[in-house]
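Written out below as structure tokens is the structure these notes cover.
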Amino acid sequence: MTVPGRMVNGVASIPEVTKLRQVLLFYFCFFIAWALKEISFSTFQEPITLSIVIKYTVWVLPVFLLLKRQNLKSLTYLKIRDNVGGGIKWGLSISLVLVLLEGVLVFIFHGKIKLDLGIQWVTTLVFALPEEVIFRGYILQKLAASIRFVKANLYTSLLFVSIHFPIWYVQGITMSKLVFSVLTVFIVGFGLGYLIKKSNSLWAPVIVHTVYNLILYTRA
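Encoded structure:
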């Protein structure tokens with residue numbers, strides 16, 4: 002008997018290939034839309050309200066529309082409604098560890114903390130949710146439904162890295178910084194994938210993602 006979504010004689014089974022194609026097609030369309038937005042808007046400073054509206058329209062709305070078309074309950078499928086309390090506890094616990102580690106690093110290397118972030122305080126607080134909805138909420142759940150979780154998490158993390166390339170291109174970062182950024186984002190994404198699996202709640206990776214971004218922005 003063939004188990005759906007598993008390897009057969011070293012070859013991916015039909016359900017796995019089909020699921021990958023569906024997710025990749027969705028992601029390709031999403032990537033093109035977001036890349037065009039990042040590049041076309043790079044020449045001017047967009048208002049924060051417009052930035053938030055665009056982010057949620059491009060990242061969240063398509064996911065909810067797809068789930069509705071598939072007759073799936075969005076909040077349940079994305080694990081937004083599931084185990085909210087447990088997700089918050091997991092998120093705060095891991096975030097506390099990250100903050101403590103950052104504090105140790107600042108102390109050891111005599112770093113400084115930048116608290117005057119301006120509008121970045123707002124964007125950091127509201128941008129983690131749409132990113133987690135599409136990656137850990139939708140893509141990861143779709144893949145994990147038919148292939149092993151570790152492989153699904155690997156694919157999702159690679160896609161998570163790729164969505165950062167448009168902004169990296171706009172910023173014109175150096176090759177050495179690009180390599181470091183790719184590795185860092187992949188590790189973070191991979192960890193967030195296991196966090197949603199462990200907590201069974203999207204709120205855990207959302208909280209950790211938010212705190213992680215705040216830590217990055219507060220580095221002087």
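Take the sequence shown: its position 65, counting from 1, is numbered 66 in our numbering, and each next residue is one higher. The beta-carbon is built from N, C-alpha and C at its ideal position, and this holds for glycine as well. Keep in mind that this is a model prediction, so the values were computed, not measured.
At a Cβ threshold of 9 Å, is residue i touching chain C?
| i | result |
| --- | --- |
| R82 | The chain inventory of the structure shown lacks chain C, comprising one protein chain alone. |
Using the three-state DSSP reduction, which class does residue i fall into: helix, strand or coil?
| i | result |
| --- | --- |
| R22 | helix |
| I81 | coil |
Would you give the residue range spanned by the alpha helix (DSSP H) that residue i belongs to?
| i | result |
| --- | --- |
| I135 | Unbroken run through I135: none, as it is neither H nor E. |
| K152 | 150-163 |
| P206 | 204-219 |
| G223 | Any property of residue 223 remains undetermined from this structure, which presents the chain solely from 2 to 221. |
| F65 | 62-70 |
| L144 | 141-145 |
Are residue i and residue j touching if we call contact CB-CB under 9 Å?
| i | j | result |
| --- | --- | --- |
| V209 | L184 | no |
| L26 | V134 | no |
| Y28 | L99 | no |
Quick check: the Cα distance between residue i and residue j, rounded to an integer number of angstroms?
| i | j | result |
| --- | --- | --- |
| Y170 | I40 | 8 Å |
| L66 | L196 | 26 Å |
| P206 | F45 | 31 Å |
| V12 | K20 | Because the pLDDT at V12 is just 44, under 50, the model does not fix this residue reliably, and the point stays unresolved. |
| I217 | T211 | The sequence given here has Leu at residue 217, not Ile. The alpha-carbon atoms of L217 and T211 are separated by roughly 10 Å. |
| G104 | S94 | 15 Å |
| V162 | F187 | 6 Å |
| S177 | I168 | 16 Å |
Report the CB separation of residue i from residue j in whole angstroms; it is logged as a contact under 8 Å.
| i | j | result |
| --- | --- | --- |
| V59 | K38 | 7 Å |
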